[in-house]
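Just so you know, the sequence shown maps onto residues 5 to 211 in my numbering. Glycine is no exception: its CB is placed at the ideal position from the N, C-alpha and C atoms. All values reported here derive from a predicted model rather than from experimental measurement.
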Amino acid sequence: MPIEKMDLINNPETAPFSKLKYLRRLPDEEVAEFFNQLFLLNVAARDTGDWSPVSRYLEERGDQIAAQVAVPMHFDAAPWAPFKKRLSESKIAVMTTGGVYVEGQKPFETDGDWSFREIPLDTPLDQLRIAHTYYDTNGVAEDVDAVLAIHRLLEMQAEGMVGEVLTPTYSFMGYIPEPSGLIEVTAPEVAGRLKDEGVDCVIIDTT
5 MPIEKMDLIN NPETAPFSKL KYLRRLPDEE VAEFFNQLFL LNVAARDTGD WSPVSRYLEE
65 RGDQIAAQVA VPMHFDAAPW APFKKRLSES KIAVMTTGGV YVEGQKPFET DGDWSFREIP
125 LDTPLDQLRI AHTYYDTNGV AEDVDAVLAI HRLLEMQAEG MVGEVLTPTY SFMGYIPEPS
185 GLIEVTAPEV AGRLKDEGVD CVIIDTT
């Protein structure tokens, strides 16, 4: 059975391909042009043994496509809030936009999902999952602290470097081209929860 174009676009998860997820938002003609050029470069690389032009094309074209589909964002300025409390006396929360969720929870939709998930800090590593197709998740599969540094913060708490680490914490899926739901609904809800819990500082791990 032939491989459909969307399968090619949605399948790769390696770093050079991650930005190419944006291809599905381009017209069919531009997608076809991309794959035609990629095919020609692969043919040449097979003959010469030099694959650097292929890697360079993926990197450069990926940046161009990402910029092409980017939606300009405008936000009101927020006043600077200097952190004056001692860390050893502070309650810290760590959050992520890496699409982390717990096995049994509903996975994030990978295109514009502005909901959030609660992540208990004592969740076993083998029960953590990731639903995000806009960054390379291979490294996170080996070390979730790359996008949600819960274990490093718990170590700092055990050593007395921070006073307390909030649990559960919260996870978002960061690819949200239309963020109005995030801005108007879920971000204020999570911010309210953090305030009610007496959190002094929030660390947001991004991808």
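- Shown here for Pro172: same chain residues with a beta carbon closer than 6 angstroms to its own, the five before and five after excluded, namely Glu122, Ile123 and Pro124 in chain order.
- Burial check for Leu157: the Cβ neighbour count within 10 Å reaches 16 or more, so the residue is buried.
- Per DSSP, the unbroken beta strand (DSSP E) holding Glu122 starts and ends at Phe120 to Ile123.
- Taking Tyr61 as the centre and dropping the five residues before and after it, the same chain places the C-beta of Leu45 closer than 6 angstroms to its C-beta, in chain order.
- Using a C-beta cut-off of 8 angstroms, the stretch 144–156 makes no contact with the stretch 72–84, since fewer than three inter-stretch Cβ pairs fall below that distance.
- Short of 7 angstroms from the beta carbon of Val206, and not among the five residues preceding or following it, lie these beta carbons of its own chain, in chain order: Ala97, Met99 and Leu198.
- For Ala162, the number of other beta carbons within 10 angstroms of its own is below 16, and it is reported as exposed.
- Using a Cβ distance threshold of 7 angstroms, Ser92 and Gly167 count as a contacting pair.
- Note on His155: under 16 other CB atoms within 10 angstroms of its CB, so exposed under the neighbour-count rule.
- Of the residues assessed, Ala135 falls on the buried side of the cut-off, its CB having 16 or more other CB atoms within 10 angstroms.
- Beta bridge pairing from DSSP links Thr173 with Ile123.
- Remark: C-beta atoms of Tyr105 and Arg133 approach each other more closely than 7 angstroms.
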